[in-house]
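Undergrad: In the numbering used here, the protein residues as written are 62 to 423. Every residue, glycine too, gets a C-beta built ideally from N, C-alpha and C.
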Ligand code: FES
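1) So, using beta-carbon positions, are residue 110 and residue 132 closer together than 8 angstroms?
2) Please name the residue in 321, 213, 74 whose C-alpha comes closest to that of residue 269.
3) Should residue 92 be flagged as near chain D, meaning a C-beta pair shorter than 8 angstroms?
4) Can you tell me whether residue 97 is buried or exposed, with buried defined as 16 or more other CB within 10 angstroms of its CB?
5) Going by alpha carbons, who is nearest to residue 167 out of 146, 105, 362, 69?
6) Please state the DSSP three-state secondary structure of residue 74.
7) Quick one: what's got a C-beta closer than 6 angstroms to residue 246's C-beta in the same chain, skipping five residues either side?
8) Just the Cα atoms here: how many angstroms apart are residue 340 and residue 67?
9) Does the segment 379-394 come close enough to the segment 402-418 that 3 or more CB-CB pairs lie under 8 angstroms?
10) Would a C-beta distance cut-off of 8 angstroms place residue 125 and residue 102 closer than the cut-off?
11) Among 164, 95, 220, which one has its Cα closest to the Cα of residue 233?
12) How far does the alpha helix (DSSP H) with residue 223 in it reach, from first residue to last?
13) Decide if residue 319 is buried, meaning its Cβ has at least 16 other Cβ atoms within 10 Å, or exposed.
14) For residue 171, which beta-bridge partners are listed by DSSP?
15) Does the beta-carbon of residue 337 have 16 or more other beta-carbons within 10 angstroms, so that it is buried, or is it exposed?
16) Can you give me the Cβ contacts of residue 400 inside the same chain, cut-off strictly under 7 angstroms, excluding the 5 residues immediately before and after it?
17) When you compare only the Cα positions, how much space is there between residue 362 and residue 175?
18) Taking 7 angstroms as the limit between beta carbons, can you name the residues of its chain near residue 375, skipping five residues before and five after?
19) Heavy atom of the ligand FES less than 7 angstroms from the Cβ of residue 378, yes or no?
20) Assuming the contact rule is C-beta atoms closer than 8 angstroms, residue 321 and residue 293 should be a hit. Round their C-beta distance to whole Å, please.
21) So what's residue 261 in DSSP terms, helix, strand or just coil?
22) Could you give the DSSP three-state label for residue 138: helix, strand or coil?
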């Protein structure tokens with residue numbers, strides 16, 4: 062039972078500006094102010110974003126549109142950006158990154174959440190998060206933008222990559238964008254054609270929009286556009302600006318086939334070395350813990366296996382929640398292969414594997 066309605070919490074958010082300034086200068090403790098605000102309403106905080114689930118809608122067999130009403134702290138968010146969603150499962154705080162498919166007035170946002178095989182957090186949200194539940198979001202990040210008017214726009218999405226592009230498309234069409242737009246959505250099976258009904262409606266209302274779904278789980282039909290991405294799928298888009306989102310391999314294939322303007326975002330699982338990991342010594346300085354690990358897995362996984370609970374969010378190197386200082390030794394970035402060996406260097410535990418014995422400020 063809260064003392065204030067959520068609507069009032071959003072409206073009163075601007076009154077907190079002086080307190081935010083004092084907290085930013087260190088003259089107030091944000092956690093203490095938050096404790097008082099949370100007593101007045103469970104979603105009220107100085108800066109942190111809390112949101113209530115106000116709607117759920119399946120938009121394909123495996124993708125759920127979740128609508129949320131945020132407190133007044135979701136400032137400057139844009140469709141096409143992504144946010145961390147945090148939930149506590151069995152006493153451990155987990156976070157995952159999801160795209161904003163809609164940013165409306167009065168704190169309303171929509172996320173697209175896809176079922177992941179074995180994905181504890183997304184599956185818990187899809188199967189058990191009820192309307193009315195309260196959860197925390199991180200601040201929005203992401204650089205994808207609708208291009209300036211030109212010859213046209215090509216949108217290439219694989220799987221849940223559609224969620225990053227849909228919000229931009231919705232806004233552009235609503236704002237009267239009339240230049241040709243071609244959306245290619247690559248999905249394994251027909252049931253994964255997310256937002257199909259809405260996109261078909263949009264095609265009827267906006268003759269400049271063409272949407273094609275390409276099924277990658279079946280061999281392409283001769284003479285028809287289909288199957289996995291191939292350079293020929295870009296025919297007819299000469300002079301367009303491309304926006305693409307999907308697994309890293311897909312985005313790379315698009316990038317290699319296109320010589321024009323392109324914005325890209327990928328969400329690939331991290332690469333691992335194929336050879337077995339070498340045993341290494343991991344020293345977690347603040348925890349006064351030394352363990353034997355390997356040079357293959359991320360430091361986040363290995364710290365968790367050792368009983369530590371480092372802060373983390375996306376586990377993909379995006380949100381920076383797991384950043385720690387490297388005190389000694391060298392690590393390898395699992396995404397790019399880049400080596401970091403400078404003492405005092407901040408590293409992201411979730412995408413860093415030790416290259417030998419390391420000491421971490423954890
Ligand atoms: S958990 Fe997000 S960057 Fe590591």
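TA: Result, derived from the coordinates:
1) yes
2) 213
3) Any reference to chain D falls outside this structure, which holds one protein chain only.
4) exposed
5) 69
6) helix
7) 218, 223, 274
8) 52 angstroms
9) yes
10) no
11) 164
12) 223-235
13) buried
14) 128, 163
15) Note that residue 337 scores 47 on pLDDT, short of 50, meaning its location in the model is unreliable; the coordinates nonetheless yield the value given after this. By the neighbour-count rule (16 or more Cβ atoms within 10 Å), residue 337 is not buried but exposed.
16) 391, 393, 416
17) 23 angstroms
18) 145, 156, 157, 158
19) yes
20) With 8 angstroms as the limit, residue 321 and residue 293 do not qualify as a contact, their Cβ atoms being about 16 angstroms apart.
21) helix
22) coil
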